[in-house]
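Chemist: In the numbering used here, the protein residues as written are 524 to 968.
#1: Going by beta-carbon coordinates alone, are residue 584 and residue 708 separated by less than 7 Å?
#2: Please go through the stretch 556–629 and give each complete alpha helix (DSSP H) segment of 4 or more residues, from N-terminal end onward.
#3: Can you tell me whether residue 929 is helix, strand or coil according to DSSP?
#4: I'd like to check one pair, residue 854 with residue 478: are the Cβ atoms closer than 7 Å?
#5: Nearest CA to the CA of residue 971: which residue from 909, 918, 532?
#6: What is the residue span of the alpha helix (DSSP H) that residue 843 lies within?
#7: Compare the Cα-Cα distances from residue 918 to each of 538, 550, 783 and report the closest residue.
#8: Is it the case that the Cβ atoms of residue 1000 and residue 590 are separated by a distance below 7 Å?
#9: Report yes or no: do three or more beta-carbon pairs, one from the stretch 822–833 and one from the stretch 779–794, lie closer than 8 Å?
#10: Closer than 7 Å by C-beta to residue 579: which residues in its own chain qualify, once you throw out the five before and the five after it? Chain order, please.
#11: Can you tell me which of the three DSSP states residue 641 falls into?
#12: Could you tell me whether the Cβ atoms of residue 794 and residue 835 are closer together than 7 Å?
#13: Starting from the C-beta of residue 610, find all residues in its chain whose C-beta is less than 8 Å away, skip the five residues before and the five after it, and write them out in chain order.
#14: Look at residue 755 and residue 810 and say whether their C-beta atoms are less than 7 Å apart.
#15: Tell me the rounded alpha-carbon separation between residue 522 and residue 850.
#16: Quick one: what does DSSP say residue 877 is sitting in, helix, strand or coil?
#17: Are the stretch 620–635 and the stretch 938–945 in contact at 8 Å, needing three or more beta carbon pairs?
#18: How about the stretch 836–845 and the stretch 688–700: do they share at least three Cβ pairs that are nearer than 8 Å?
#19: From residue 534 to residue 820, what does the alpha carbon distance come to, in whole angstroms?
#20: Is the beta carbon of residue 885 less than 7 Å from the beta carbon of residue 658?
#21: Measuring CA to CA, which of 735, 870, 668, 670 is closest to residue 692?
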C-alpha cells in the first residue's frame, strides 16, 4: 500500500517541478543565471553577491549542479540535428527536471540508508515525499535545496564511517571530505548541520587516524580546486600562481565576514532570534511540528536538525528556506499518533496543509513571472518593460532580447508614482494589449 502511495507522491512532485512558480529570485540569480551566461552566452544580470569587491558566492558548486547538465543539453541538442541556439526556457525546464530527479533519487536514497527499521523507513519516506517542501522548494534551483542533499549524504557517510561492520572507512572518509567541502562552498551555513553529528567521528578518528588523514587530504585538495575556480572566475586577467597564493578569492570567508556584520544583514531584514523556531519551522512542517513533542526518534538525523536550527538562530537574518535541510531530517524522526482518532485527524490536517501550501508555493506564487519573461522574449516590438510588485525576473530567459529591451523593476512603488513613470515612457499613441501590456511598453503586475 505504501509503495503505491509513494509512487503517487512522486508523480505529484514531478507535476510541481513542471509548474512555473517563482518562489524566490535566489533560485535563479544564485545559480542558473550565472552559469547560463557562461555556457550559452545569454546576456544575464549578476547580483551584488557576484559583483562586489569581496564576492560571497562560489561558482565551484554551480558547475557540477547546473553547468554539467547545461553542457550535456547543448551536446545532445547539437547531436540531434537541431538548428540554432537552445532557448533559455528549454534550459529552465531541463534544470527543473534535474532537480526533481536528484531530489527523488538522492534524498530518498539517503533516507533508506539512514533508517534501519523497514517499518519506520516506509513511514519516513512517505512523510518526506508528501511534504509540500519536497514538492516545491526541493524541485527548484535553490542552493538550499542542494544543501539539503549534501547534509543528508554527509550523515550517510558519517554513519558508514562509524559502522563497525565496515572493513575500511578510508574511502568513505575521503568522500566525506569532498562532499563537506562542496557543502561549505555551496552554503557557508552547511557545517551547522554537522556540528553534533561530527562528534561521532572523534572516537573513530582517534582509533583510526588514517581515516582522518584521508578526510583532511580530500578536503584540502577540493578546497584548492574550489578557490582556484573562484579566483579565476572573479579575476579580470588570467590567473597566475601568485594570484592563488597571495590574492585568492575565498568566497566562504567573504560570506562569513559579510554575515557577521549586523549592518549588512539589516539591508536584508532583521528578525528576532526565535523566528526560525516559532515561525519558519512551523511554516515548513505544519502539523508535523506538533509531533516533535510526542516522543520523536532520537537519531543522528534529529541531532543534525537541532544543531542546524540552534546555530542558524544565532544570525539575525532568518528566512524559512534556510531551514530546508531540517525538513527531511525531522519528518523522518517523528512518530505518528498511535490513537486511531488522533491519527485520522492528524493525517487529514497534514494532507490539507500540504495541498494548500503546495498550490500556493508550487503554482500561484509569482506564477506569472516565468511565462511573462518567455512572452516578452517573443515580442519583437517591445522596448520597455516595467515589473511592479513582483520579484526581479530572470533576465536570461529573455533569450538575448534584453540587449534591446530595458527592464525596470519598480518593486512596490506607489501607484501614483508608477502611473507617472508610465506617462513619462509613453510617447505618441499608446495601445493596451494583453491586459497590462503596451505595444512598446509592457507592465507586469
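Virtual Cβ for every residue (Gly too), placed ideally from N, Cα, C.
Computed from a prediction, not measured in an experiment: that's the story for all the values here.
Modeler: The answer reads as follows:
#1: To locate residue 584, count along the chain shown from 1; it is residue 61. To locate residue 708, count along the chain shown from 1; it is residue 185. Against a cut-off of 7 Å, the Cβ pair of residue 708 and residue 584 comes out as a contact.
#2: 571–574, 591–602, 611–625
#3: Walking along the chain shown from the start, residue 929 turns up at place 406. Strand, per DSSP.
#4: In the structure as shown, the chain begins at 524 and stops at 968. Residue 478 is therefore absent and cannot be evaluated.
#5: Any question about residue 971 goes unanswered here, given that the chain covers just 524 to 968.
#6: Within the chain shown, numbered from 1, the residue matching residue 843 stands at position 320. Residue 843 -> no alpha helix (DSSP H), and no H or E assigned at all.
#7: Position 395 of the chain shown, counted from the first residue, corresponds to residue 918. For residue 918, the nearest C-alpha among the options comes from 550.
#8: Lying outside 524 to 968, the shown extent of the chain, residue 1000 is not represented and no answer is given.
#9: no
#10: By 1-based counting over the chain shown, the position of residue 579 is 56. So the qualifying residues of the chain are 572, 774, 777, 778, 781.
#11: Here residue 641 refers to the residue found at position 118 of the chain shown. Reduced to three states, the DSSP call for residue 641 is helix.
#12: Translated into positions along the chain shown, residue 794 becomes position 271. Translated into positions along the chain shown, residue 835 becomes position 312. Contact flag unset, no.
#13: Start at 1 with the first residue of the chain shown, and residue 610 comes out as number 87. Taken in chain order, the residues that qualify are 922.
#14: Taking the first residue of the chain shown as 1, we reach residue 755 at position 232. Taking the first residue of the chain shown as 1, we reach residue 810 at position 287. It is not a contact, given that the beta carbons lie outside the stated cut-off.
#15: Since the first and last residues shown for the chain are 524 and 968, residue 522 lies out of range.
#16: Numbered from its first residue, the chain shown carries residue 877 at position 354. In this structure, residue 877 counts as helix in the three-state DSSP scheme.
#17: Proximity of the stretch 620–635 to the stretch 938–945 falls short of the contact definition, fewer than three beta-carbon pairs being nearer than 8 Å.
#18: no
#19: Reading the chain shown from its first residue, position 11 is the one you call residue 534. Reading the chain shown from its first residue, position 297 is the one you call residue 820. Rounded to whole angstroms, residue 534 to residue 820 spans 29 Å at the Cα level.
#20: The residue you call residue 885 lines up with position 362 of the chain shown. The residue you call residue 658 lines up with position 135 of the chain shown. Yes, Cβ-Cβ distance for residue 885 and residue 658 is below 7 Å.
#21: Position 169 of the chain shown, counted from the first residue, corresponds to residue 692. The candidate whose alpha carbon is nearest that of residue 692 is 735.
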